[in-house]
Amino acid sequence: TPHTGWGALERQPGQWDWQELDAQMAYLDSVKMGYGGILIGSPEWNTADPPGHLPVNHLKGWSHYVTEVVKHCQGRIRRWEIWNEPPNFTGKNQTPADYAEIVVAAYDAAKDVDSGCLIGLAAKSAHLNYLEQVIQAGAKDHFDYITLHPYEILSTVADNVGTEPMFMNIVPSVRKMLAAQNPAKANVPVVFTELGHDLGKGPEVQAQALVKAYTMGAAQGVACIQWFEGRDGDSGPMGLLDNKGQPRPAFTAMREMIRHLGQQPVYLGWIPLGGIHRGFVFEGQAGPVLVAWAQNAGSCEFKPGASVQSVDPLTGKSSNGPAFTLTGAPLLFTNLPRPLITDAKANRNRPMQWWGADYSSATSVSLTTGENQKLDGLRSLSGDALAKSVVAYGGSARAGGVPGGNVFVVDPAFLSYTREPLEITVVCRRNEANDNAGFKLIYESTTGIKTAGHWFTIPDNKTWHTATFRLEDPQFVNYWGYNLSLESDGNTYNRYYLKSVEVRKVKDRR
1455 TPHTGWGALE RQPGQWDWQE LDAQMAYLDS VKMGYGGILI GSPEWNTADP
1505 PGHLPVNHLK GWSHYVTEVV KHCQGRIRRW EIWNEPPNFT GKNQTPADYA
1555 EIVVAAYDAA KDVDSGCLIG LAAKSAHLNY LEQVIQAGAK DHFDYITLHP
1605 YEILSTVADN VGTEPMFMNI VPSVRKMLAA QNPAKANVPV VFTELGHDLG
1655 KGPEVQAQAL VKAYTMGAAQ GVACIQWFEG RDGDSGPMGL LDNKGQPRPA
1705 FTAMREMIRH LGQQPVYLGW IPLGGIHRGF VFEGQAGPVL VAWAQNAGSC
1755 EFKPGASVQS VDPLTGKSSN GPAFTLTGAP LLFTNLPRPL ITDAKANRNR
1805 PMQWWGADYS SATSVSLTTG ENQKLDGLRS LSGDALAKSV VAYGGSARAG
1855 GVPGGNVFVV DPAFLSYTRE PLEITVVCRR NEANDNAGFK LIYESTTGIK
1905 TAGHWFTIPD NKTWHTATFR LEDPQFVNYW GYNLSLESDG NTYNRYYLKS
1955 VEVRKVKDRR
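Next up, the structure:
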């Protein structure tokens, strides 16, 4: 994205410097690369709204900046995103209403200059709670598309803990929110203007995350995904190319995805692949293409009913055969038999039931830990590692300190975006040494992440104890990649054991 920020263009009041912007646009035009612009910032001379603050105290100057930059770039930049990841990069005490003010001012100014330009409403991660508040505060009807940066949800997918339903629910949640708050905009495009994964767990995991992101993004109707980033920059090792310009497996994966699916993949539908696993079918460049992997760090057998070609997107290498073993590493399949394609199309609008059941009418979801664990519409981000973790009290519990084990997600079919009072019950017990232990419940609310009222101190280790929390304003959208969390002080996570957690809809309780 070329530098279109206010502070870079109007360094002194009324003095505009277009030289750097023009050079950047000229280069992008020369390599035939499409680009948009970000309306953002406040110049240093605007002391009422210093850099890093939304310029709500100088809306006249903000509107003039928008007018000038849109006029200067007309015919070259058509899509404008307002700010980057709000409420990030705003003043500490600035609110959704402040963002709504600059959105309305920018929308009106831009449309007066170029009625055909498109204005994007933005939020960090997948923070739909914030977007809802912005629309309620006055931004209604003042946008043409939505931009999100759902890094956190993709990270859980990359970790193979079974959170594909959360990622697949991003666009449906946006649609639910818009239908409720701004029906006229219910079907505007949703764009991931940033999405990526670093090399923390290796270049192969990064590449696998890319394939899963583009596959599930296209399947749920994301209009465009812009991978962050093309080449390593100032955000660490996240590029398709390293800082020397050498390609990583993610570069090859992107190449293979484009080669087989094209620039604008057409989603046909999905097929079951044994138990909880799913595969996505697209109309590819030379015929239908299946993209498939096994979730939850598991594996499954794929027997398509005929000999097909598989392609490893990380290497481009292919093989042929009638049967394959799928793992968490995605594969592309071509030369698909017609019955498989027919089944995929028939399933297109059916619930995918990634977790093995339809929870849309359930009154509660729960998990039971230990050697005989049971996951019933509720998961911790340690996934199936629960069954393999340190257990106590005869194998009927697990340690509260198991990585990710104190962070929970519900099946989106059970509750997503819709506001509904909940009761959370946690059955727990101190460790064998009877160390002092306790926790508080953190959850996604209508106003963002919130604490549920009280601290629970676990009395002792003589028996199992039940902590109960009542949530009046939950609004689960997975904007940080989770819905609920049990938080303890310091290193006290490892001082207790969890036996079970239940999330129940209060209105359905008997």
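Position one of the sequence shown corresponds to residue 1455 (the numbering used here), numbered consecutively onward.
Don't be surprised by glycine CBs; every beta carbon is placed ideally from N, CA and C.
Treat the numbers as computed from the prediction; the structure is a model and nothing was measured.
- Around the beta carbon of GLY1650, 16 or more other beta carbons sit within 10 angstroms, so the residue counts as buried.
- Taking C-beta atoms under 8 angstroms as the contact rule, GLN1929 and SER1899 qualify, at a distance of about 6 angstroms.
- In the structure shown, PRO1742 falls within a strand segment according to DSSP collapsed to helix, strand and coil.
- Where ARG1709 is concerned, the enclosing alpha helix (DSSP H) starts and stops at 1703-1715.
- PRO1497 sits buried, since 16 or more C-beta atoms from the chains shown fall within 10 Å of its C-beta.
- Assignment of beta-bridge partners to TRP1909 by DSSP yields LYS1894.
- Of THR1455, GLY1459, ALA1502, the smallest CA-CA separation from TYR1481 is found for THR1455.
- Residue range 1644-1649 is occupied by the beta strand (DSSP E) that includes THR1647, with no alpha helix (DSSP H) assigned at that position.
- In this structure, DSSP gives ARG1804 a state outside helix and strand, which the three-state scheme calls coil.
- The Cβ-Cβ distance between HIS1603 and GLU1535 does not fall below 7 angstroms.
- Counting only unbroken stretches of 4 or more residues, the alpha helix (DSSP H) elements lying wholly within the segment 1567-1614 are 1582-1588, 1605-1612, in sequence order.
- CA-to-CA, the gap between LYS1546 and HIS1518 works out to about 25 angstroms.
- In the DSSP annotation of this structure, the continuous segment of the beta strand (DSSP E) that includes LYS1959 starts and ends at 1950-1959.
- Setting aside the 5 residues that flank it on each side, SER1753 is surrounded in the same chain by THR1779, LEU1780, THR1781, each with a C-beta closer than 7 angstroms to its C-beta; the list follows chain order.
- DSSP places ARG1629 in the helix class (H, G or I) of the three-state scheme.
- Here the alpha carbon of LEU1695 sits roughly 34 angstroms from the alpha carbon of LEU1508.
- Runs of the beta strand (DSSP E) spanning 3 or more residues and lying entirely within the segment 1776-1805 occur at 1778-1780, 1785-1788, in chain order.
- Of all alpha-carbon atoms in TYR1950, LYS1916, THR1879, the one lying nearest the alpha-carbon of ARG1924 is that of THR1879.
- For SER1834, there is no enclosing alpha helix (DSSP H); the enclosing beta strand (DSSP E) covers residues 1832-1834.
- For the 7 angstroms CB-CB criterion, CYS1882 and ILE1903 do not form a contact.
- Only residues of its own chain outside the window of five on either side were considered, and among them ARG1732 have a CB closer than 7 angstroms to the CB of PRO1726, listed in chain order.
- Between the beta-carbon of ARG1530 and that of MET1479 there is about 6 angstroms, and that keeps the pair under the 8 angstroms contact cut.
- Sequence-distant partners of PRO1626 (beyond 5 residues in either direction) whose C-beta falls short of 8 angstroms from its own C-beta, in its chain, are GLN1674, PRO1866, SER1870.
- Taking a C-beta distance under 7 angstroms as the contact criterion, GLY1693 and GLU1683 qualify as a contact pair.
- Under the DSSP assignment, SER1517 falls outside any beta strand (DSSP E), being part of the alpha helix (DSSP H) whose first and last residues are 1513-1527.
- Counting C-beta atoms within 10 angstroms of its own C-beta, LYS1757 has fewer than 16 neighbours from the protein chains shown and is therefore classed as exposed.
- For THR1501, the secondary structure class from DSSP, reduced to helix, strand or coil, is coil.
- Across the set LYS1565, PRO1541, ASP1566, the C-alpha of PRO1541 shows the shortest separation from the C-alpha of ALA1554.
- For the set TRP1747, ASN1750, GLU1755, GLN1763, the Cα lying nearest the Cα of GLY1741 is the one of GLN1763.
- Annotated as distal: GLU1710 and PRO1657, with beta-carbon spacing of 7 angstroms or more.
- Remark: C-beta atoms of PHE1862 and SER1834 approach each other more closely than 7 angstroms.
- With at least 16 other beta carbons inside 10 angstroms of its own, THR1647 counts as buried.
- Judged by beta-carbon spacing, PHE1621 lies beyond the 7 angstroms limit of VAL1628, meaning their Cβ atoms are not closer than that value.
- Ranked by how close their Cα comes to the Cα of ARG1804, the residues VAL1957, LEU1829, GLY1723, GLY1592 have GLY1723 in first place.
- Residue pairing by DSSP leaves GLN1548 without any beta bridge partner.
- Straight-line spacing of the CA atoms in TRP1934 and LYS1916 works out to 36 angstroms.
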